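So for the sequence shown, the working numbering puts the first residue at 8; every next one is plus one.
C-beta atoms are modelled at their ideal positions from N, C-alpha and C, and glycine is treated no differently.
Bear in mind that the values here come from a model prediction, so they are computed numbers and not experimental data.
Please read the structure below before turning to the comments.
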Amino acid sequence: MASGQNHSTVPRFILLGLTDRADQKQLLFATFLLIYLVTLVGNLGLIDVIRASSTLHTPMYFLLSVLSFLDVCNSSLFTPRLLISFLTVDQSISFEGCVVQMALMTLHGSGECVLLSIMAYDRFVAICHPLLYHSIMSKRLCVQLVGLTYAVGGFISAVQTGNVFSLPYCGPNVIDHYFCDIPPVLHLACSDTTVANVILLIFSALTTVPTVSVILVSCAYILVTICGMRSLEAQRKAFSTCASHLTALCLFYGSVFLVYVQPNPESVSAYNKILSVFYTIVIPMLNPPVYSLRNKDVKAAVLLRVLNLSRKQIC
Numbered sequence: 008m009a010s011g012q013n014h015s016t017v018p019r020f021i022l023l024g025l026t027d028r029a030d031q032k033q034l035l036f037a038t039f040l041l042i043y044l045v046t047l048v049g050n051l052g053l054i055d056v057i058r059a060s061s062t063l064h065t066p067m068y069f070l071l072s073v074l075s076f077l078d079v080c081n082s083s084l085f086t087p088r089l090l091i092s093f094l095t096v097d098q099s100i101s102f103e104g105c106v107v108q109m110a111l112m113t114l115h116g117s118g119e120c121v122l123l124s125i126m127a128y129d130r131f132v133a134i135c136h137p138l139l140y141h142s143i144m145s146k147r148l149c150v151q152l153v154g155l156t157y158a159v160g161g162f163i164s165a166v167q168t169g170n171v172f173s174l175p176y177c178g179p180n181v182i183d184h185y186f187c188d189i190p191p192v193l194h195l196a197c198s199d200t201t202v203a204n205v206i207l208l209i210f211s212a213l214t215t216v217p218t219v220s221v222i223l224v225s226c227a228y229i230l231v232t233i234c235g236m237r238s239l240e241a242q243r244k245a246f247s248t249c250a251s252h253l254t255a256l257c258l259f260y261g262s263v264f265l266v267y268v269q270p271n272p273e274s275v276s277a278y279n280k281i282l283s284v285f286y287t288i289v290i291p292m293l294n295p296p297v298y299s300l301r302n303k304d305v306k307a308a309v310l311l312r313v314l315n316l317s318r319k320q321i322c
């Protein structure tokens with residue numbers, strides 16, 4: 008391509024979606040609509056319960072409410088457009104829309120990685136240093152950590168999105184995916200993408216490896232502390248909290264690693280689409296029950312909130 012030619016000559020991209028079979032689209036529409044409604048009800052409901060219940064005004068639940076907010080944003084970024092794709096023939100997205108979708112996706116995804124490591128550190132302090140918990144995890148520090156989450160997410164988003172769309176796109180415009188993910192978009196570039204793929208791999212690793220390391224170290228200290236506890240009830244409660252957190256972490260990081268941290272990220276297959284569905288749509292639905300089903304405080308707060316709302320409606 009000539010150096011003076013416009014790099015964004017492709018005005019629109021075509022998203023192939025999850026399937027092109029008409030007989031599957033109605034079932035998939037109903038399935039993903041149900042998932043999206045459950046995601047909204049679960050996460051927004053959890054945010055409302057945490058806000059309304061004074062017993063849940065602690066750092067742990069504050070961070071959990073931020074996670075729910077990120078999950079609502081993440082799911083709303085992908086699911087509505089996916090639902091529309093099952094009902095319409097036009098599968099196109101504008102060049103600018105693709106840029107915005109990728110930037111927001113990277114922002115929320117990177118932010119969630121950082122937030123999950125912060126939540127692991129919070130559990131480490133609560134279990135390993137309970138007497139110092141409220142002095143260490145102060146309200147000011149929690150707000151600063153949430154600010155750090157968005158700052159890191161914004162930086163990674165700017166680098167990754169700039170890395171992709173600094174390349175020329177002058178010919179093919181069919182994306183073999185249901186959203187503007189980085190690997191399939193890079194596959195359409197009209198120039199060599201070796202450097203871009205290296206940058207993608209490096210920054211994906213910088214996002215995941217340090218956060219996973221913080222989580223693993225925190226969990227190791229927590230397990231050592233739990234094993235030294237004399238009270239069986241304290242051990243059970245600590246194990247229950249850690250098990251919920253580790254379940255959510257394995258689901259999220261497992262799918263992210265398999266999609267982005269790989270030698271050849273351009274190879275997008277049906278397998279990668281399924282993994283993408285998992286971390287963009289399914290996991291935001293699973294986080295509220297994973298974190299709250301085995302938590303007596305949350306269940307008590309939910310019951311109290313429902314009773315209060317019922318009384319207001321009756322009055």
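Residue i versus residue j: straight-line alpha-carbon distance, rounded
i	j	result
F162	T113	10 Å
S124	C197	38 Å
V263	G116	9 Å
A110	S99	18 Å
V275	S82	With a pLDDT of only 48 at V275, under the threshold of 50, the placement of this residue in the model should not be trusted; the figure read from the coordinates follows. Taking the straight line from one Cα to the other gives about 21 Å.
S173	L77	27 Å
P175	L70	40 Å
L341	R237	Only positions 8 to 322 of the chain appear in the structure, and residue 341 is not among them; the question remains open.
Y29	I134	Correcting the residue type first, residue 29 is Ala in the shown sequence and not Tyr. Going by the C-alpha atoms only, they are around 52 Å apart.
E273	R19	Bear in mind that a pLDDT of 49 at E273, under 50, signals an unreliable position, so the number given afterwards is only what the model happens to contain. Going by the C-alpha atoms only, they are around 20 Å apart.
H14	Y228	Because the pLDDT at H14 is just 49, under 50, the model does not fix this residue reliably, and the point stays unresolved.
F131	E103	42 Å
L47	L74	13 Å
Y224	P179	Here residue 224 is Val; the residue named in the question, Tyr, does not match the sequence. Looking at the two C-alpha atoms, the distance is approximately 45 Å.
H141	F285	35 Å
T65	Y43	28 Å
A158	D27	39 Å
Proximity winner among the options, relative to residue i (alpha-carbon distances)
i	options	result
C177	G160, L195, V224	L195
Y298	S211, S225, I54	I54
G52	V79, F186, L34, Y185	V79
T95	N294, M67, I290, G24	G24
S72	N302, V56, P87	V56
M67	L152, Y286, V231	L152
L90	G261, V121, L22, S225	L22
L258	L34, N294, I233	N294
V219	A127, V284, R88, L74	A127
L207	L230, L256, S164, P217	S164
A250	G261, L230, M144	L230
A308	Q31, L138, R58, G154	R58
Cβ pair residue i, residue j closer than 8 Å
i	j	result
L193	T200	yes
T168	G118	no
V45	M292	yes
R312	S60	yes
L265	L282	yes
H136	K280	no
V171	F210	no
I288	T38	no
C120	T215	yes
C187	Q242	no
L253	C226	yes
F93	L35	yes
Exposure label - residue i; buried when at least 16 CB within 10 Å
i	result
L63	buried
P190	buried
G49	buried
G160	buried
N302	buried
V205	exposed
P296	exposed
I222	buried
G11	For G11, the pLDDT reaches just 42, beneath the cut-off of 50, and the residue's location in the model is therefore unreliable, leaving the point undetermined.
Q33	exposed
V305	buried
N315	exposed
Paired residues, beta bridge with residue i - DSSP
i	result
I206	I206 is not bridged to any residue.
R19	S101
V181	I21
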